[in-house]
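**Q** In this note's numbering, the protein residues as written are 3 to 290.
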Amino acid sequence: MGLNIIVLVKQVPDTQNITQEAMKPDGTVNRDALPAIFNPEDLHALEEAIKIKETLGGMVTVITMGPPKAVEVLKESMYRGSDDVILLSDKKFAGADTLATSYALKCAVQTVGEFDLVLCGGQAIDGDTGQVGPQLSEKLNINQLTSICDIREVTESEIIGFRATEQGYEKVKSGFPALLTVSSEANEPRSPSAKKVMAYKNIQCSEQQAYDESYLDNKCARDAMIVKQWNIDSIGADPEKCGLSGSWTQVKKIENVVLAASEAKQIENSDEGISSLIKELTQEHIIG
Ligand SMILES: Cc1cc2nc3c(=O)[nH]c(=O)nc-3n(C[C@H](O)[C@H](O)[C@H](O)COP(=O)(O)OP(=O)(O)OC[C@H]3O[C@@H](n4cnc5c(N)ncnc54)[C@H](O)[C@@H]3O)c2cc1C
Numbered sequence: 003m004g005l006n007i008i009v010l011v012k013q014v015p016d017t018q019n020i021t022q023e024a025m026k027p028d029g030t031v032n033r034d035a036l037p038a039i040f041n042p043e044d045l046h047a048l049e050e051a052i053k054i055k056e057t058l059g060g061m062v063t064v065i066t067m068g069p070p071k072a073v074e075v076l077k078e079s080m081y082r083g084s085d086d087v088i089l090l091s092d093k094k095f096a097g098a099d100t101l102a103t104s105y106a107l108k109c110a111v112q113t114v115g116e117f118d119l120v121l122c123g124g125q126a127i128d129g130d131t132g133q134v135g136p137q138l139s140e141k142l143n144i145n146q147l148t149s150i151c152d153i154r155e156v157t158e159s160e161i162i163g164f165r166a167t168e169q170g171y172e173k174v175k176s177g178f179p180a181l182l183t184v185s186s187e188a189n190e191p192r193s194p195s196a197k198k199v200m201a202y203k204n205i206q207c208s209e210q211q212a213y214d215e216s217y218l219d220n221k222c223a224r225d226a227m228i229v230k231q232w233n234i235d236s237i238g239a240d241p242e243k244c245g246l247s248g249s250w251t252q253v254k255k256i257e258n259v260v261l262a263a264s265e266a267k268q269i270e271n272s273d274e275g276i277s278s279l280i281k282e283l284t285q286e287h288i289i290g
């Protein structure tokens, strides 16, 4: 039998390599100036899904909402072992805040049909709100297990894991369906399989194919696999709840903040030095 698992992954700008051109004068992100990567925590969510499939059988479907070039994260998902991928792409999704994003993803998940688990990363490194997973579980009306750092046991009927909290770890258990947000502590994502890279490297979306002028003369492109692409109509979404019109929040202003060390303190490498440091940190409520 196995489990039907849906993994949500996002293509994000590589925020570790921010340059001056990263922001446009109007305060929006200049996505073209930054390399696009697989959101790091989503690789951990995908790894968990594939591990569960390897143990229990079933099917792993990966969904991303983004522009046509987001097909790259879907290819990467196929290289690592997913069974099916869906690109959710429509100009009407543009400018979505987290509410509009989680609404579109909810419609997409319901369009996939029966599922047991939805796995997300905890946070995307660009928007960085950590809201999409919990909002999605609310909209799907299913249990949410957040900040999962260790999936201990999965059976055909339940999942048991540990979630990291500020105080330590909590053991949590849920039946299905459930949504999990997975943290980077959970696993070490596998490398792409060379065999799968050869099999799926030509996957593209229909827009890419239409704009590829060399398409008709190019054997690779002719043999390309077209990724499953859904728009607002395919998922039966209400346009008023998508993109800018479905977004209740707006970014008014963005400022560059340069963090500079204002004060440095030398701690003596002795028992007295360390105990005075601990005392100070406790008084400042940084520890304790
Ligand atoms: C006030 C506000 C205004 C914004 N305006 C714009 C805008 O005008 N244009 C714009 O491009 N962006 C905009 N954004 C960013 C956009 O809303 C977010 O990128 C998006 O809603 C996801 O939120 P997040 O990045 O915080 O994801 P998080 O909640 O941090 O992501 C958690 C997890 O959810 C899943 N997930 C998140 N997004 C996707 C996705 N697209 N597809 C599949 N899975 C996903 C992933 O598994 C991810 O690890 C705005 C954000 C905010 C807060």
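Using N, Cα and C, we set each Cβ at its ideal position, and we do this for glycine too. As the structure is a prediction and not an experimental result, all values here were calculated from the model.
#1: Which runs of the beta strand (DSSP E) at least 3 residues long sit entirely within the stretch 97 to 157? Give them in chain order.
#2: Pull up the CB-CB distance for VAL174 and VAL75, whole angstroms please, since I reckon it's below 8 Å.
#3: Please state whether the Cβ-Cβ distance between GLU49 and ARG192 is less than 8 Å.
#4: When DSSP labels each residue in this structure, what does GLU50 get in the three-state scheme?
#5: Please confirm whether VAL62 has its beta-carbon closer than 8 Å to some beta-carbon of chain C.
#6: Look up ALA201 in the DSSP assignment and say whether it is helix, strand or coil.
#7: Among ASP235, SER159, ILE256, which has the Cα closest to the Cα of ALA110?
#8: Would you kindly work out how many angstroms separate the C-alpha atoms of LYS93 and CYS207, rounded to a whole number?
#9: With burial defined as no fewer than 16 other Cβ atoms inside 10 Å of the residue's Cβ, what is the status of ASN220: buried or exposed?
#10: Taking three-plus beta-carbon pairs below 8 Å as touching, is the stretch 181 to 192 in contact with the stretch 61 to 70?
#11: Comparing C-alpha positions only, which one of ALA166, LEU107, GLY248, ASP130 sits nearest to SER139?
#12: Please name the residue or residues paired with ASN6 in a DSSP beta bridge.
#13: Closer than 8 Å by C-beta to VAL134: which residues in its own chain qualify, once you throw out the five before and the five after it? Chain order, please.
#14: Going by C-alpha distance, which of LYS243, LEU36, GLU56, LEU90 is nearest ASP128?
#15: Under the criterion of a Cβ to heavy atom distance below 7 Å, does GLN133 qualify as lining ligand 1?
#16: Determine the DSSP secondary structure at LYS12, reduced to helix, strand or coil.
#17: Whole angstroms is fine: what's the gap from GLY282's alpha carbon to GLU265's?
#18: Take the Cβ of CYS222 as the centre, count every other Cβ of all protein chains shown within 10 Å, and call the residue buried at 16 or more, exposed below.
#19: Decide if ARG224 is buried, meaning its Cβ has at least 16 other Cβ atoms within 10 Å, or exposed.
#20: Taking the alpha carbon of THR148 as the reference point, which residue from VAL253, ALA47, ILE228 has its own alpha carbon closest?
#21: In terms of DSSP beta bridges, what is THR284 paired with?
#22: At what residues does the beta strand (DSSP E) containing ARG165 begin and finish?
#23: Whole angstroms are fine: how far does the CA of VAL120 sit from the CA of PRO42?
#24: Would you mind stating whether SER84 and GLN231 have Cβ atoms separated by less than 8 Å?
#25: Is PHE178 near ASP118, with beta carbons less than 8 Å apart?
#26: What did DSSP end up calling GLY68 once you bin it into helix, strand or coil?
**A** By the coordinates alone:
#1: Counting only runs of 3 or more residues that sit fully inside the stretch 97 to 157, the beta strand (DSSP E) segments are 119 to 123, 145 to 156, in chain order.
#2: Contact doesn't hold; Cβ gap of about 28 Å is too wide.
#3: Closer than 8 Å, so yes.
#4: The three-state secondary structure of GLU50, taken from DSSP, is helix.
#5: Of the protein chains in the structure, only one exists, and it is not chain C.
#6: DSSP, read as helix, strand or coil, puts ALA201 in helix.
#7: If we check each option's Cα against that of ALA110, ASP235 comes out closest.
#8: CA-to-CA, the gap between LYS93 and CYS207 works out to about 15 Å.
#9: Since pLDDT at ASN220 reaches only 43, below the 50 mark, its modelled position is unreliable, and the value read off the structure follows with that caveat. Classification of ASN220: exposed, given that the 10 Å Cβ count is below 16.
#10: Contact between the stretch 181 to 192 and the stretch 61 to 70 is absent, because fewer than three Cβ pairs lie under 8 Å.
#11: The candidate whose alpha carbon is nearest that of SER139 is LEU107.
#12: DSSP lists MET61 as the beta-bridge partner residues of ASN6.
#13: Exclusion of the five residues before and after VAL134 leaves LEU10, THR100, THR103, SER104, LEU107, CYS122, ALA126 as the residues of its chain whose Cβ lies within less than 8 Å of its Cβ.
#14: Of the candidates LYS243, LEU36, GLU56, LEU90, the one whose C-alpha sits nearest the C-alpha of ASP128 is LEU36.
#15: Relative to the non-hydrogen atoms of ligand 1, the Cβ of GLN133 comes within a distance shorter than 7 Å of at least one.
#16: Coil.
#17: Checking the sequence, you will find Glu at residue 282 rather than Gly. Cα to Cα, GLU282 sits roughly 15 Å from GLU265.
#18: Caution applies to CYS222, whose pLDDT of 43 falls short of 50 and renders its modelled position unreliable; the model cannot decide the point.
#19: Confidence is the limiting factor: at ARG224 the pLDDT is only 45, short of 50, which leaves the residue's position unreliable, though a coordinate-based value still follows. Per the 10 Å Cβ criterion, exposed.
#20: That would be ALA47, whose Cα lies nearest to the Cα of THR148.
#21: For THR284, which the question treats as bridged, DSSP gives no partner whatsoever.
#22: Its beta strand (DSSP E) spans residues 160 to 166.
#23: Approximately 17 Å, taken between the alpha carbons.
#24: The answer is no: Cβ separation not under 8 Å.
#25: Yes.
#26: Correct three-state label for GLY68: coil.
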